[in-house]
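Colleague: Its first residue numbered 0, the sequence shown is counted upward by one per residue in numbering that gives the first Met the number 0. One structure coming up, written as structure tokens, with questions to follow.
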Amino acid sequence: MKSVVLAVVIAAALSACATTHMDESSRPYTGYWYGETKLDSSEVRKWVAARHIDGTYWASFECSESVACKPFKEHGVWGVEGDVLWVKTMLLIDESGPFYPDTTDKIYLERYLITGLAGDQFEYQHIDSRLIYRSHRVTKEFASNFGEAQRSRL
Numbered sequence: 000m001k002s003v004v005l006a007v008v009i010a011a012a013l014s015a016c017a018t019t020h021m022d023e024s025s026r027p028y029t030g031y032w033y034g035e036t037k038l039d040s041s042e043v044r045k046w047v048a049a050r051h052i053d054g055t056y057w058a059s060f061e062c063s064e065s066v067a068c069k070p071f072k073e074h075g076v077w078g079v080e081g082d083v084l085w086v087k088t089m090l091l092i093d094e095s096g097p098f099y100p101d102t103t104d105k106i107y108l109e110r111y112l113i114t115g116l117a118g119d120q121f122e123y124q125h126i127d128s129r130l131i132y133r134s135h136r137v138t139k140e141f142a143s144n145f146g147e148a149q150r151s152r153l
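Next up, the structure:
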């Protein structure tokens, strides 16, 4: 029951923080996206992100076969300004529980240069690290199953 109450409170808080209406140019970036990226450590990070038209998002992350890389989930707000996708993390959840970051700290605001969107394929580059991310559109069911598997580990 506590989990349900916490989820409702988080959803309400994020909705209140979100922009009231996304610009129509943001619509192509909404939905459920899956991607994999090779990290410097040769680990592969997998993620599913759900970007909603109300300006909120959640993302689940996991790594392949690593003890050092732990699964986590984040919630926040997002938007598109010109050719820049930005995400602001408002809540992180990992095996130690929820963490509400200081949202004035710029480390929780990430910006990505949009380098391509064609059909169900989306490519963007982190402006600071220059790491390139590629993802493709997936179904809500796929995203939910990815998140379910992760939640069982958290």
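Here a beta-carbon is modelled for each residue, glycine too, at the ideal position from N, C-alpha and C.
For V137 versus Y111, is the C-beta distance shorter than 8 Å?
Modeller: no
Colleague: Enumerate in chain order the residues of its own chain whose CB-to-CB distance from T29 is below 6 Å, with the five nearest sequence positions on each side excluded.
Modeller: Taken in chain order, the residues that qualify are R50, I52.
Colleague: Kindly indicate which residue of R44, E23, G75, G54 has the alpha-carbon position closest to the one of F60.
Modeller: When the alpha-carbon of F60 is set against those of R44, E23, G75, G54, the nearest one is in R44.
Colleague: Using a Cβ-Cβ cutoff of less than 7 Å, which residues in the same chain neighbour C16 once the five nearest sequence positions on both sides are dropped?
Modeller: Note that C16 has pLDDT 46, beneath the 50 cutoff, so the model's placement of it is unreliable and the number below is only indicative. Within its own chain, the residues whose Cβ lies closer than 7 Å to the Cβ of C16, once the five positions on either side in sequence are excluded, are V76, M89, listed in chain order.
Colleague: Do S25 and G78 have their beta-carbon atoms positioned less than 8 Å apart in this structure?
Modeller: yes
Colleague: With DSSP as the reference, label A142 as helix, strand or coil.
Modeller: helix
Colleague: Can you tell me whether K72 is buried or exposed, with buried defined as 16 or more other CB within 10 angstroms of its CB?
Modeller: Classification for K72: buried.
Colleague: May I ask you to list the residues that DSSP assigns as paired with T55?
Modeller: V76
Colleague: Tell me, please, which residues DSSP counts as bridged to D93.
Modeller: G96
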